[in-house]
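S.K.: Just dropping this structure here.
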Amino acid sequence: MTRKPLIAGNWKMNLNHLEAIAHVQRLAFSLKDADFDAVEVAVFPPFTDIRSVQTLIDADKLKIRYGGQDCAETDSGAYTGQISAAFLTKLGCSFVILGHSERRLLNNESSADVALKLKSAIKHKLLPIVCVGESLDIRKSGNHVAVTVAQLKESLAGITKYDMGNVIVAYEPVWAIGTGEVAIPEDAEEMCGAIRNFLADEYGDAVADKVRILYGGSVKSGTAPGLMAMPNVDGALVGGASIDPDEFVAICRYRLALV
Ligand code: PEP
92 MTRKPLIAGN
102 WKMNLNHLEA
112 IAHVQRLAFS
122 LKDADFDAVE
132 VAVFPPFTDI
142 RSVQTLIDAD
152 KLKIRYGGQD
162 CAETDSGAYT
172 GQISAAFLTK
182 LGCSFVILGH
192 SERRLLNNES
202 SADVALKLKS
212 AIKHKLLPIV
222 CVGESLDIRK
232 SGNHVAVTVA
242 QLKESLAGIT
252 KYDMGNVIVA
262 YEPVWAIGTG
272 EVAIPEDAEE
282 MCGAIRNFLA
292 DEYGDAVADK
302 VRILYGGSVK
312 SGTAPGLMAM
322 PNVDGALVGG
332 ASIDPDEFVA
342 ICRYRLALV
């Protein structure tokens with residue numbers, strides 16, 4: 092089965108709603124039909140930008156998709172400051188990022204929390220991008236594959252084989268996020284291949300074959316082609332470089348460097 096690569100731009104807490112409009116307009120101006128034929132492109136703006144991004148994308152019938160950077164476990168209620176998957180779906184979101192290492196670290200989010208959010212995302216027909224990855228200490232200990240796969244297993248707790256087919260996994264080594272230190276393609280492949288083997292064992296070959304596994308961590312236009320050439324790397328979750336429209340477009344066009 093061919094998995095369409097996904098290039099996902101996680102803006103984190105950058106770009107207000109006015110800047111978001113200008114940014115998406117620049118992406119839309121640069122990206123051509125041939126780019127969208129080759130890759131799926133999605134942006135993940137702050138919550139306060141999503142309505143503006145939706146309005147622009149709908150009005151101009153853009154092929155850029157979008158999603159939330161997180162969602163709540165529940166649909167509604169007394170959860171000050173939280174945003175539900177139901178609300179994201181209502182705003183036309185296709186995706187939601189779950190378990191990003193910044194949320195795991197700064198918001199004490201556990202893999203059990205991620206599993207609950209995942210159920211809510213699936214219930215509301217969002218395509219979840221479940222992030223996992225090891226710290227530098229774990230990498231140095233040599234246990235990175237076992238630890239990351241265990242983190243993934245916990246984050247996916249209770250997910251059926253049927254639902255797993257629509258989940259996207261992002262391998263994001265914590266030591267590579269926002270540090271400028273990108274994993275070499277062989278390291279990304281080692282982990283993404285191990286994740287696919289785990290998915291095959293847990294959910295069967297057909298599901299493992301369908302699930303897209305992204306690499307994230309300091310991806311830039313110069314490193315994207317090498318990473319994307321790996322057989323088990325099906326896309327990139329891009330943080331810092333997604334804030335620069337020219338750089339993000341160049342990452343989306345990694346294929347031009349592979350020929
Ligand atoms: C991320 O936030 O998911 C990420 C990969 O960030 P960066 O590309 O800046 O390392």
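In my numbering, the protein residues as written are 92 to 350.
Where a beta carbon is used, it is the ideal one built from N, C-alpha and C, also for glycine.
Cβ of Gly-330 versus every heavy atom of ligand 1: is any distance shorter than 6 Å?
M.R.: yes
S.K.: At a threshold of 6 Å, does Gly-190 count as lining ligand 1 (C-beta to nearest heavy atom)?
M.R.: no
S.K.: Return the Cβ separation of Cys-283 and Tyr-306 in integer angstroms, given the expectation that the two are a contact with Cβ distance under 8 Å.
M.R.: 7 Å
S.K.: Roughly how many whole angstroms lie between the Cα atoms of Ser-143 and Leu-179?
M.R.: 13 Å
S.K.: Skipping 5 residues on each side, what residues in its chain have a beta carbon closer than 6 Å to that of Val-132?
M.R.: The answer, listed in chain order, is Ile-98, Ile-155 and Cys-343.
S.K.: Output the boundary residues of the alpha helix (DSSP H) element that contains Glu-293.
M.R.: 276-294
S.K.: Kindly give me the distance between the Cβ atoms of Ile-188 and Asn-101, rounded to whole angstroms, as I take these residues to be in contact under 8 Å.
M.R.: 6 Å
S.K.: So what does Cys-162 bridge to, in DSSP terms?
M.R.: Cys-162 pairs with nothing; no bridge assigned.
S.K.: Closest to Ser-167 by CA distance: which of Ala-248, Ser-211, Met-255 and Ser-312 is it?
M.R.: Selection Ala-248, Ser-211, Met-255 and Ser-312 evaluated against Ser-167 yields Ser-211 as nearest (Cα-Cα).
S.K.: With H, G and I counted as helix, E and B as strand and the rest as coil, what does DSSP make of Leu-106?
M.R.: coil
S.K.: Comparing alpha-carbon positions, which option in Cys-222, Ile-250 and Met-255 lies nearest Val-240?
M.R.: Cys-222
S.K.: Quick one: residues in its chain with C-beta nearer than 8 Å to the C-beta of Ala-279, no 5 flanking neighbours on either side, listed in chain order?
M.R.: Tyr-262, Tyr-306, Leu-318, Met-321 and Val-324
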